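Basically our numbering = 1-based index in the sequence shown + 8. Positions of the beta carbon are idealized from the N, C-alpha and C atoms, including for glycine. In this text the structure is predicted, and so the values were computed from the model without any measurement. Single-structure report; data block below.
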Amino acid sequence: MSPETFKTIETFANGYLAGLSTDELYEGWDEWHSLTISKTESWDINFHMCGEPNRVYVVAHPEHMGKDGFMETEMSQWVEIKNVYKR
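If you want it as structure tokens, here you go:
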């Protein structure tokens with residue numbers, strides 16, 4: 009992941025987290041969002057809370073076009089974008 013891509017995903021994550029109220033967060037909360045960076049680069053962004061009270065983790069998994077024409081997420085590869093205490 010290039011530094012520019014990391015910054016783009018981090019900016020998206022910060023904006024998304026800023027819009028969440030604490031009432032929306034709970035242990036086990038898990039949301040995915042697909043983010044297209046360019047025609048050739050796309051990422052699945054996973055926001056989740058598990059194992060540590062009030063801590064939100066954000067990781068990004070690369071996506072690619074599958075043989076069937078649908079996007080596939082590379083679950084074995086990921087980049088930690090941030091973990092933040094949110095309360």
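In angstroms, rounded to a whole number, what distance separates the CA positions of residue i and residue j?
{"i": "Leu33", "j": "Lys47", "result": "33 Å"}
{"i": "Val87", "j": "Phe14", "result": "9 Å"}
{"i": "Trp40", "j": "Ile53", "result": "6 Å"}
{"i": "Cys58", "j": "Val67", "result": "13 Å"}
{"i": "Met3", "j": "Met73", "result": "Only positions 9 to 95 of the chain appear in this structure, which leaves residue 3 out of reach."}
Can you tell which of the options has its C-alpha closest to the C-alpha of residue i?
{"i": "Val64", "options": "Ile45, Ser29, Thr44, Ser84", "result": "Ser29"}
{"i": "Met9", "options": "Gln85, Met57, Glu60, Phe78", "result": "Gln85"}
{"i": "Asn62", "options": "Tyr24, Gly27, Val92", "result": "Val92"}
{"i": "Lys94", "options": "Thr81, Glu80, His56, Lys75", "result": "His56"}
If I measure Cβ to Cβ from residue i and keep anything under 7 Å in the same chain, skipping five residues before and after, which residues do I get?
{"i": "Trp51", "result": "Ile17, Leu43, Ile45, Ala68, His69, Pro70, Glu71"}
{"i": "Phe20", "result": "Leu43, Ile53"}
Kindly indicate the opening and closing residues of the alpha helix (DSSP H) around residue i.
{"i": "Lys15", "result": "11 to 26"}
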